[in-house]
Amino acid sequence: MSGWTWADVDVAVPRPGSGLPGVAMAGFRQRVRGDVEIAMVAHPSVTLFLDLSETGGIVREAGGTSRRGSFVAGLLPGRLRTGGQEGSGLQIRLSPAVASVVLGAAAELTGTVATLEEVWGRDAGRLEERLRDAPTWDERFTIATDVLARRLAVPSRVEPEVAQAWRRTQAARGRLRIDGLAEEVGWSRQRLWSRFRAQLGLTPKRAAQLVRFDHAAHLLAAGHPPAAVAGRSGYADQSHLHRQARAITGLTPAALATAPWLAIDTVAWLAAPRT
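In the UniProt record's numbering, the protein residues as written are 1 to 275.
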């Protein structure tokens, strides 16, 4: 929609200290009429989009197909555009380790987009109804947190070494050697590679690339020039950053700097999932 900005959207976030490790949430209410469209920028989380409108207000387009309603976007979901009309929605970002427990098999979601019902079955509809009926965002956040906490009560399929490797990748902003990471967790490179990919859905190298790119994308959105961002993010040069941006998002660094998806991050996502 021409002229649309994030100023046309009300954003709600949970109270500090009320969330779960590896989970971030934000509520959105669009205050303008008509369709909007936003290109999703890949980030190191599995994302749940819960449609709280009565008429399926959230629309997503991936692979040339458009569908309405709540959905789950795995890591690196390809070209994904979201949009819709006047209404509300809850977005939940899960770290890969948490997603593997909450969603059952995060590895199978990597690179894909699925309806929430396909992932959660009838529980998806029940959750949507409870969230729609809740009168405040605080109550919605509490409901969602309780549902996630119950799912997280089951044993995790992610081994401690894999979880540690993910945390180190995040802490290093993707700038680390895989051999050194394997040595740090006490595994061989081959074992780390196979277990990491099986349990989180991508290789350690690809995870590092995604985390590094996420850091670079937010520096671009903060107004830093591409050449400086390339140096601060560990890219060989500006051309290297340009190639990565095009490969991951289809956008140039200049386009990323003004991407609406990133513009809201400083408001909605003050702390990204880490666990």
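Glycine included, each C-beta is placed from N, C-alpha and C at the ideal position.
Cut-off 6 Å between Cβ atoms - residues of its own chain near residue i, not counting five sequence neighbours on either side
{"i": "residue 215", "result": "173, 233"}
CB contact flag (residue i, residue j, <8 Å)
{"i": "residue 20", "j": "residue 192", "result": "no"}
{"i": "residue 70", "j": "residue 103", "result": "no"}
{"i": "residue 199", "j": "residue 162", "result": "yes"}
{"i": "residue 95", "j": "residue 201", "result": "no"}
{"i": "residue 48", "j": "residue 128", "result": "no"}
{"i": "residue 80", "j": "residue 59", "result": "no"}
{"i": "residue 196", "j": "residue 244", "result": "no"}
{"i": "residue 12", "j": "residue 269", "result": "no"}
{"i": "residue 165", "j": "residue 147", "result": "no"}
{"i": "residue 247", "j": "residue 156", "result": "no"}
Closest by C-alpha distance to residue i, when choosing among the options
{"i": "residue 26", "options": "212, 220, 224, 91", "result": "91"}
{"i": "residue 277", "options": "100, 111, 253", "result": "The question about residue 277 has no answer, for the chain in this structure spans 1 to 275."}
{"i": "residue 87", "options": "131, 108, 54, 15", "result": "54"}
{"i": "residue 258", "options": "24, 40, 165, 130", "result": "40"}
{"i": "residue 141", "options": "18, 265, 269, 10", "result": "18"}
{"i": "residue 76", "options": "255, 242, 203", "result": "203"}
{"i": "residue 226", "options": "186, 247, 256", "result": "256"}
{"i": "residue 144", "options": "241, 93, 121", "result": "93"}
{"i": "residue 44", "options": "171, 119, 124", "result": "171"}
{"i": "residue 159", "options": "101, 136, 180, 242", "result": "101"}
{"i": "residue 133", "options": "220, 149, 52, 150", "result": "52"}
Expected contact under 8 Å - CB spacing of residue i and residue j to nearest Å
{"i": "residue 169", "j": "residue 207", "result": "5 Å"}
{"i": "residue 72", "j": "residue 109", "result": "6 Å"}
{"i": "residue 42", "j": "residue 176", "result": "Wrong, their Cβ atoms sit about 20 Å apart, outside the cutoff."}
{"i": "residue 218", "j": "residue 262", "result": "6 Å"}
Residues near residue i in its chain [Cβ-Cβ closer than 7 Å; skip 5 each side]
{"i": "residue 3", "result": "Unreliable placement is indicated for residue 3, whose pLDDT of 44 sits below 50; no coordinate value is reported for it."}
{"i": "residue 237", "result": "230"}
{"i": "residue 205", "result": "178"}
{"i": "residue 16", "result": "none"}
Identified DSSP bridge partners for residue i
{"i": "residue 214", "result": "DSSP, once it has assigned bridges, lists no residue as partnering residue 214."}
{"i": "residue 180", "result": "According to DSSP, which records beta bridges pairwise, residue 180 is partnered with nothing at all."}
{"i": "residue 10", "result": "29"}
{"i": "residue 114", "result": "72"}
{"i": "residue 93", "result": "24, 47"}
{"i": "residue 38", "result": "82"}
{"i": "residue 87", "result": "30"}
Proximity test, Cβ basis, 8 Å: residue i and chain D
{"i": "residue 111", "result": "As a matter of chain content, chain D is missing from the structure shown, which is built from one protein chain."}
Chain-order list of residues whose beta-carbon lies under 8 Å from that of residue i (same chain, five-residue window excluded)
{"i": "residue 9", "result": "28, 29, 30, 31, 264"}
{"i": "residue 66", "result": "59, 60"}
{"i": "residue 187", "result": "161, 195"}
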